[in-house]
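In what follows, a single structure is set out as structure tokens and then discussed.
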Amino acid sequence: MHPSPAPPSLTTTHPPQPPKMITGIHHINLVVPASSFPAATAFYGTTLGLTAVPVPQLQRDSLLWFNVGASGQQVHIAQGKAEDFAAPSSRHVCFKVESAALLVRLKEQVWRHFEAGGEGAPREADRPGEGSSGAQGVEYPMRFFARDYAGNRLEFSL
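In the numbering used here, the protein residues as written are 417 to 574.
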């Protein structure tokens with residue numbers, strides 16, 4: 417009697433996997449109305465607590481850069497065109513926050529800036545003590561959303 421051949425799933429070899437070339441995100445780029453860099457600095461620097469860093473000499477009038485902690489990741493702010501702000505979009509960036517307590521604190525800071533208004537105030541913000549304006553469900557961690565003064569949708573999550 418001859419042994420039965422092994423099922424195909426046990427004898428199939430998989431091609432070698434290519435090396436992992438993408439190791440993280442270096443920066444994201446958001447657009448804001450021209451000449452609104454002071455508002456961007458008020459929101460991204462003061463309200464969110466990101467650290468402004470120098471931009472290349474030739475771009476200093478057209479870009480702002482902010483470090484995201486010590487991660488090496490950055491938020492770049494560029495001047496957009498009127499059509500960039502024509503209608504709200506669901507496209508967004510999600511910022512990871514270190515702890516639930518800091519997420520609650522940041523939500524309160526964003527809300528205070530929203531309520532107070534002024535330079536760089538967000539257009540929309542989830543109210544502290546209430547749920548997220550995003551989809552709800554057990555699959556989603558604790559999070560909240562806001563729109564910066566230029567209408568960029570931002571998510572903050574654990």
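Positions of the beta carbon are idealized from the N, C-alpha and C atoms, including for glycine. Given the structure is predicted, the values throughout are model-derived calculations rather than measurements.
Take residue 524, set aside five residues on each side of it, and the residues of its chain with a beta-carbon closer than 7 Å to its own are 544, in chain order. Residue environment for residue 462: exposed (fewer than 16 other C-beta atoms within 10 angstroms of its C-beta). Across the set 464, 455 and 434, the C-alpha of 464 shows the shortest separation from the C-alpha of residue 522. In the three-state scheme derived from DSSP, where H, G and I count as helix and E and B as strand, residue 489 is classed as strand. Exposed is the label assigned to residue 438, since fewer than 16 other Cβ atoms lie within 10 Å of its Cβ. Contact between residue 570 and residue 509 holds, with the beta-carbon distance rounding to 6 Å and staying under 8 Å. Per DSSP, the beta-bridge partners of residue 563 are 540 and 569.
Residue pairing for residue 511: DSSP places it in a beta bridge opposite 572. With a threshold of 16 other beta carbon atoms within 10 Å, residue 568 meets it and is buried. Inter-segment contact for the region 442-451 and the region 493-500 is present: three or more beta-carbon pairs are separated by less than 8 Å.
Contact check for residue 471 and residue 483: beta-carbon distance about 12 Å, past the 8 Å limit, so the pair fails to qualify.
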